[in-house]
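2 protein chains.
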Amino acid sequence: MSVQPEKTVSIGDQPLQQFLTYRLSRVQSKLNAQASAILQKQAGLTLSRWRILSLVGSLGETRLSELARATEIDKGLLSRNLKGLIADGLITAESDDYDHRVQHLRLSPAGQKLFDETLPKMRRRQAILREPLLPKELEAFRSALEKLETAAEWRGEDL
Amino acid sequence: MSVQPEKTVSIGDQPLQQFLTYRLSRVQSKLNAQASAILQKQAGLTLSRWRILSLVGSLGETRLSELARATEIDKGLLSRNLKGLIADGLITAESDDYDHRVQHLRLSPAGQKLFDETLPKMRRRQAILREPLLPKELEAFRSALEKLETAAEWRGEDL
DNA sequence: ATAATTTAGTTGACCAGTCAAATAAAAAGT
DNA sequence: ACTTTTTATTTGACTGGTCAACTAAATTAT
Chain H
47 MSVQPEKTVS IGDQPLQQFL TYRLSRVQSK LNAQASAILQ KQAGLTLSRW RILSLVGSLG
107 ETRLSELARA TEIDKGLLSR NLKGLIADGL ITAESDDYDH RVQHLRLSPA GQKLFDETLP
167 KMRRRQAILR EPLLPKELEA FRSALEKLET AAEWRGEDL
Chain C
47 MSVQPEKTVS IGDQPLQQFL TYRLSRVQSK LNAQASAILQ KQAGLTLSRW RILSLVGSLG
107 ETRLSELARA TEIDKGLLSR NLKGLIADGL ITAESDDYDH RVQHLRLSPA GQKLFDETLP
167 KMRRRQAILR EPLLPKELEA FRSALEKLET AAEWRGEDL
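And the structure:
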């Protein structure tokens with residue numbers, strides 16, 4: 047009795063799995079899951095919240111609109127996540143005396159503490175992820191990402 | 047009057063934007079948006095639906111469980127998307143005579159047509175995305191992805 | 001002054017994806 | 001034969017994110 051060979055998911059010559067966007071999204075979603083799990087365990091934060099917390103931490107003092115501009119994170123998403131972070135006492139919001147629309151955001155002491163504790167862990171994670179990559183691979187990877195990002199601009203006009 | 051320098055979002059020496067996972071997820075989400083837009087316009091499909099359609103197209107004949115195993119796409123997601131594809135007449139589902147749980151999935155003529163029309167466009171997109179990359183960059187990129195995928199397995203035990 | 005425009009931030013509706021439970025049929029164990 | 005386990009698929013509840021509409025305040029134009 048012969049063993050069935052694994053059906054290979056391919057399209058003509060090019061296996062589907064090698065469409066680099068497929069590969070990319072797979073890897074991305076795994077990294078995402080990993081980061082989420084680590085952050086949940088280590089800091090009780092979701093990935094978005096960590097991102098925002100660390101942005102506020104590194105900017106020192108901001109406002110929602112600045113975050114939105116600097117990062118392309120959706121305003122709505124920012125607003126909701128900030129609400130949570132403020133409620134949890136990790137970020138403080140002080141409204142501006144002159145412009146009553148804006149809130150000045152900064153880390154609370156608790157937020158700063160969490161940031162200071164978590165950042166090195168996340169750094170270490172980055173290091174571990176990079177570790178297996180050869181320097182030129184890393185370099186190529188960065189530059190490839192750069193180019194892909196540009197190419198992602200193309201709206202597909204002439205297909 | 048001096049121009050305010052752009053506030054650089056950095057953490058110590060390492061700018062946040064260069065955390066490669068950040069970069070990766072940014073690029074990924076742009077590519078995603080691009081693919082979605084193109085697919086919507088060219089084929090009236092969402093990205094997931096296209097993925098599933100193309101999987102069925104390339105496997106020739108499958109079932110949900112096989113798709114789930116082969117691709118790590120969630121069963122629930124598969125089920126719902128398939129329902130839609132079937133409703134739209136792009137995929138046919140024939141229930142097995144012996145095992146009444148399974149449905150045999152294949153492309154309908156309409157589905158095949160759409161697949162045949164869309165695949166080359168998506169191929170062209172892949173080509174366009176790859177175009178700016180030097181061969182060695184592409185190679186390094188692939189291998190980096192490979193390594194990252196492995197590294198993403200790590201559960202963060204010893205942080 | 002006051003109307004029109006822009007900017008800041010919040011909210012609601014919606015969609016896609018994940019997880020777990022539910023159903024139903026088949027296969028394996030006793 | 002009949003209980004237990006496994007497999008196939010569907011469904012429901014929930015989460016996270018996107019988009020657009022909305023409110024409110026500030027700025028600009030007339």
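One line per chain: the protein sequences are H and C, in this order.
All residue numbers for the first sequence refer to the numbering used here, where the first residue is 47 and numbers rise by one.
All residue numbers for the second sequence refer to the numbering used here, where the first residue is 47 and numbers rise by one.
The beta carbon of each residue, even a glycine, is placed where N, CA and C say it ideally should be.
- Message: Can you pull the chain C neighbours of K200(H), defined as C-beta to C-beta under 8 Å?
- Response: In the sequence as presented, Lys is not what sits at residue 200(H); that position holds Trp. The answer, in chain order, is Q80, I174.
- Ignore the nearest five residues each way along the sequence and tell me which others in G157(C)'s own chain have a CB closer than 6 Å to its CB. L136, I137
- Contact under 8 Å by Cβ, L113(H) with L131(H): no
- Flag this pair as yes or no: are the beta carbons of F187(C) and A186(H) separated by less than 8 Å? yes
- Does DSSP put L91(C) in a helix, in a strand, or in coil? coil
- Item | The alpha helix (DSSP H) enclosing L165(H), as first and last residue numbers | 155–176
- In angstroms with no decimal places, state the Cα-to-Cα distance between K87(H) and R201(C). 10 Å
- Item | Interface partners of E107(H) on chain C, CB under 7 Å | Here the premise fails: no neighbours, minimum Cβ distance about 10 Å.
- Hey, does K277(H) have any beta-carbon neighbour from chain C nearer than 8 Å? Since the first residue shown for chain H is 47 and the last is 205, residue 277(H) is missing from the structure and cannot be characterised.
- Task: Kindly list, in the order they appear in chain C, the residues whose Cβ is closer than 7 Å to that of R170(H).
- Result: L205
- Message: Does any residue of chain C have a CB that is nearer than 8 Å to the CB of T83(H)?
- Response: First, the residue type needs correcting, since residue 83(H) is Ala and not Thr in the sequence shown. By this cut-off, A83(H) is an interface position.
- Determine, using beta carbons only, whether L124(H) and I98(H) come nearer to each other than 8 Å. yes
- Query: What are the residues that DSSP puts in a beta bridge with A139(C)?
  - Reply: L151(C)
- Query: Going along chain C, which residues have a C-beta under 7 Å from V73(H)?
  - Reply: L191, L194, E195, A198
- Straight-line CA distance for L184(H) to R72(C)? 17 Å
- Would you say E163(C) faces chain H, with C-beta separation under 8 Å as the test? no
- Message: Here's the rule I'm using: 16 or more other beta-carbon atoms within 10 Å means buried, otherwise exposed. How should T196(C) be labelled?
- Response: exposed
- Item | Distance, L91(H) Cα to E163(H) Cα | 13 Å
- Could you give the residue range of the alpha helix (DSSP H) that holds L180(C)? Careful: L180(C) lies outside any alpha helix (DSSP H) and carries neither H nor E.
- Message: With DSSP as the reference, identify every bridge partner of T108(H), one or two as the case may be.
- Response: L151(H)
- Item | Cross-chain neighbours of L99(C) in chain H, by beta carbon under 8 Å | Under the 8 Å cutoff, chain H gives no residues; its nearest Cβ is about 12 Å from L99(C).
- Message: Using 8 Å for Cβ pairs, my map puts R109(C) next to H150(C). What's the rounded Cβ distance?
- Response: 6 Å
- Message: Let's test the definition: count the other Cβ atoms within 10 Å of the Cβ of P155(C) and tell me whether it reaches 16, buried, or not, exposed.
- Response: exposed
- In chain order, what residues of the same chain lie with their CB nearer than 8 Å to the CB of L179(C), ignoring the 5 residues before and after it? F187
- Message: So, under 8 Å CB-CB, L191(C) and L194(H) are touching, yes? Tell me the CB distance rounded to an integer number of Å.
- Response: Actually they are not in contact, since the Cβ atoms of L191(C) and L194(H) sit about 12 Å apart, beyond 8 Å.
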